[in-house]
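Asker:
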Amino acid sequence: MADAALGSERIPLRVAIVGSGPSGFYAAEALHKREDVVVQVDMFDRLPTPFGLVRGGVAPDHQKIKSVTKAYDRIAEHPEFRFYGNVEFGRDLVHEDLTAYYHAIIYAVGSRGDRRLGIPKDYLPGSHGAAEFVGWYNGHPDFRRLGFDLSGGTAAVVGNGNVAIDVARILASTPAELHATDMADHAVEALSASRITEIHVLGRRGPAQAAFTVKELRELGELEDADVVVEPADLELDEQTRAWMQANPDRSRDKILEVLGEFATVPRCRASRRIVFRFLVSPTEIIGDASVEALGLVRNVLYRENDGSIRSRPTDQTDRLETGLVFRAIGYRGTALPGVAFDEHAGVIPNVRGRVFDAGDPRVGEYCVGWIKRGPSGVIGTNKPDAVETAAALFDDFDAGLLERPDTPSREVLERLLAERSDFVSYEEWQLIDALERRRGEEAGDRPRQKFTSVEQMLGALAEASDS
Ligand code: NAP
2 MADAALGSER IPLRVAIVGS GPSGFYAAEA LHKREDVVVQ VDMFDRLPTP
52 FGLVRGGVAP DHQKIKSVTK AYDRIAEHPE FRFYGNVEFG RDLVHEDLTA
102 YYHAIIYAVG SRGDRRLGIP KDYLPGSHGA AEFVGWYNGH PDFRRLGFDL
152 SGGTAAVVGN GNVAIDVARI LASTPAELHA TDMADHAVEA LSASRITEIH
202 VLGRRGPAQA AFTVKELREL GELEDADVVV EPADLELDEQ TRAWMQANPD
252 RSRDKILEVL GEFATVPRCR ASRRIVFRFL VSPTEIIGDA SVEALGLVRN
302 VLYRENDGSI RSRPTDQTDR LETGLVFRAI GYRGTALPGV AFDEHAGVIP
352 NVRGRVFDAG DPRVGEYCVG WIKRGPSGVI GTNKPDAVET AAALFDDFDA
402 GLLERPDTPS REVLERLLAE RSDFVSYEEW QLIDALERRR GEEAGDRPRQ
452 KFTSVEQMLG ALAEASDS
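Each residue of the sequence shown is one higher than the one before, starting from 2 at the first, in the numbering used here.
1) Using only CA atoms, which one of R35, A191, S21 lies nearest to S389?
2) Quick check: the Cα distance between R450 and H141, rounded to an integer number of angstroms?
3) Ignoring anything shorter than 4 residues, give me the alpha helix (DSSP H) runs that lie fully in the stretch 351-408, in order along the chain.
4) Taking its Cβ as the centre, do 16 or more other Cβ atoms sit within 10 Å of A3, making it buried, or is it exposed?
5) For my contact list, R87 and S467 are in at a C-beta cut-off of 8 Å; report their separation, rounded to the angstrom.
6) By the 10 Å Cβ neighbour count, where 16 or more other Cβ atoms means buried, how is R356 classified, buried or exposed?
7) Taking the continuous alpha helix (DSSP H) assigned at P176, which residues delimit it?
8) From L463, E443, A60, pick the residue whose C-alpha is nearest to that of F425; which is it?
9) Report yes if the C-beta distance between H33 and H79 is below 8 Å; otherwise report no.
10) Have a look at G111 and T214 and give me their C-alpha separation to the nearest angstrom.
11) Is DSSP giving A227 helix, strand or coil here?
12) Who are the Cβ neighbours of G57 in its own chain at under 7 Å, not counting the five residues just before and after it?
13) Once you ignore the five residues that flank E10 on each side, which residues in its own chain have a CB closer than 6 Å to its CB?
14) Since A265 contacts L236 with CB under 8 Å, what's their CB separation in whole angstroms?
15) Does E199 come out as helix, strand or coil in the three-state DSSP assignment?
16) On the DSSP letters alone, give me the boundaries of the alpha helix (DSSP H) that A466 sits inside.
17) Just grab the DSSP bridge partners of N301 for me.
18) Where L326 and A173 are concerned, what is the direct C-alpha to C-alpha distance, given to the nearest angstrom?
19) Can you look up I276 in the DSSP assignment and give me helix, strand or coil?
20) Quick check: the stretch 193-204 against the stretch 154-161, are at least 3 beta-carbon pairs closer than 8 Å?
21) Does the distance from the CB of I107 to the CB of V370 come in under 8 Å?
22) Looking at the secondary structure, which residues open and close the beta strand (DSSP E) in which D43 lies?
23) Shorter than 7 Å, the distance from the beta carbon of V16 to the closest heavy atom of the ligand NAP, or not?
24) Taking Cβ positions, are L16 and Y103 nearer each other than 8 Å?
25) So, helix, strand or coil for F328, using DSSP?
26) With a CB to CB cut of under 7 Å and the five nearest residues on each side skipped, what residues in its chain are close to E430?
27) Check whether the stretch 231-247 touches the stretch 184-193, taking contact to mean three or more Cβ pairs, one atom from each stretch, closer than 8 Å.
28) How should P284 be labelled, buried or exposed, when 16 other C-beta atoms within 10 angstroms of its C-beta is the threshold for buried?
29) Can you give the Cα-Cα distance for G361 and N352, rounded to whole angstroms?
30) Per DSSP, F90 forms a beta bridge with which residues?
31) Could you give the distance in angstroms between the alpha-carbon of D167 and the alpha-carbon of R206?
32) K65 to V55, Cα distance in whole Å?
33) Hey, is V164 close to the ligand NAP, as in C-beta under 7 Å from one of its heavy atoms?
34) Rounded to whole angstroms, what is the Cα-Cα separation between P250 and G91?
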């Protein structure tokens, strides 16, 4: 009998996906769309829970966005799909294991780190990366033990993206608004007792250059007990910006300016909390000895760069914001994986349309998707076409015969190896954790779920469920 071909029932094409956020799931879906090739997809995550930023990043009051996981459940139903949670790349499985056990690897690990401001005392206690705060309120096991001093009156949020808006909205929410979400209990408790009444959102450029989206901006005006403060003078656009807008028409940007205009003119309702937008300001230093006492600011002006973009540059006008709490919401940054090529400057895996490159040469059989491929931009849906592109690169290499290996161990062999190294969690076990969390949410009084926030709690709940 002739040898079976790679991609057949007998010798399936084995692909490891490292990371189980949206980009990983869309990659699995794109791989399984090809009907003439049998593809076994094994997805790994260092947590027992899948979904990456949908669980640990998307704001807890955005349950509708989180419902995208129903589509991931359907992707996971494919008979050739397996999930192995609680398996950390670099610890339980290393790069050499994956190259030995799979024909191809797709890195879908996102961007875990925060970008730095690069100002004096950037890291004084009281100054936090937004990723820490977001992870903390979302009950991510890495951040559950963090503490945030919410006893002062004012907080500063640096950045004008959607993460800055999320942070400001969560800080301005009432206890009832927080309770209605799946926010971790420790965060609901701490934020319900918060004394913060003034949240300053600081943009280094003007309102026309803001990176947030109109839906997220509008939601600030729907909060139960918060006023949104925009100075009408800040909406008067400079000549450079007007010329730039004319040359680059953008309906979404026009809408953002319209909503900011509404905030500037609607009468404030003397709410308990205020979200204050400030434009054309940059932090210059964090002031304080043992912890943040104030934030040094400089006023910026805009100028047109040679490439046509509008940038900011500092003037000699300085200011000082009295605050003990600063959140840096200035973008995320990818971190290197052991044994995998990494571009330190860009914070991504070097790649061409998803094919990993190392020192200018392709790493045959290695691919990437999502934020670790293109940087931290776009919404959840952006990852779909991005994953299709990466899957196409992988299939091109498959069709060219580049993924052939003399001997690739089966899934059974991999599972035996894994069982020696980790208490791995299957998709069915994750679904049990999910059901338990939802039941706890109902019992806690009409909450979408009550999260387990440590790996021990999750494994303990699984053990208890299998005993009973
Ligand atoms: P982002 O959209 O890239 O915004 C980063 C912001 O930080 C920009 O306003 C940027 O200003 C500013 N910034 C960067 N460096 C700075 C510095 N040194 N000093 C002062 N400001 C600085 O990043 P993000 O908010 O982290 O969001 C990441 C992605 O996730 C985005 O695509 C976002 O839309 C998405 N997201 C979506 C949702 C949602 O759909 N609800 C929620 C959260 C996040 P410049 O423009 O001047 O560089």
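Glycine included, every Cβ here is placed at the ideal spot set by N, Cα and C.
Answerer: Concretely, from the data shown:
1) The question names Ser, but residue 389 is Val in the sequence shown. Of R35, A191, S21, the residue nearest in Cα terms is R35.
2) Cα to Cα, the separation comes out at about 14 Å.
3) Inside the stretch 351-408, DSSP marks whole alpha helix (DSSP H) runs of 4 or more residues at positions 372-375, 384-400, from first to last along the chain.
4) Annotation note: pLDDT 49 at A3 (below 50); position unreliable, no value reported.
5) For clarity, residue 87 is Asn in the given sequence; the question names Arg instead. Not quite, the Cβ-Cβ distance comes to about 15 Å (not below 8 Å), so this is no contact.
6) Result: buried.
7) Where P176 is concerned, the enclosing alpha helix (DSSP H) stretches over 176-180.
8) Comparing C-alpha distances from F425 to each of L463, E443, A60 shows the shortest one belongs to L463.
9) Yes, these two residues count as a Cβ contact at 8 Å.
10) Their Cα atoms are separated by approximately 21 Å.
11) If DSSP states are grouped into helix, strand and coil, A227 belongs with the strands.
12) Correct list, in chain order: G136, N139, H141.
13) V39, listed in sequence order.
14) Confirmed, about 6 Å.
15) E199 falls in the strand class under three-state DSSP.
16) Segment 456-468, the alpha helix (DSSP H) holding A466.
17) P315, per the DSSP bridge assignment.
18) Approximately 14 Å, taken between the alpha carbons.
19) Correct three-state label for I276: strand.
20) The answer is yes - the stretch 193-204 touches the stretch 154-161, with three or more Cβ pairs under 8 Å.
21) In contact: I107 and V370 (Cβ atoms closer than 8 Å).
22) For D43, the enclosing beta strand (DSSP E) begins and ends at 40-45.
23) Result no, Cβ not under 7 Å from the ligand NAP.
24) Before going further, note that residue 16 is Val rather than Leu in the sequence given. Contact: yes.
25) In the three-state reduction of the DSSP assignment, F328 falls in the strand class.
26) Hits under 7 Å: L463.
27) The answer is no - the stretch 184-193 does not touch the stretch 231-247, with fewer than three Cβ pairs under 8 Å.
28) Around the beta-carbon of P284, 16 or more other beta-carbon atoms lie within 10 Å, marking it buried.
29) Spanning the two alpha carbons is a distance of roughly 9 Å.
30) Answer is L94, bridged to F90.
31) Cα to Cα, D167 sits roughly 19 Å from R206.
32) Going from the Cα of K65 to the Cα of V55 covers about 11 Å.
33) Result yes, Cβ under 7 Å from the ligand NAP.
34) Between P250 and G91, the C-alpha separation is close to 46 Å.
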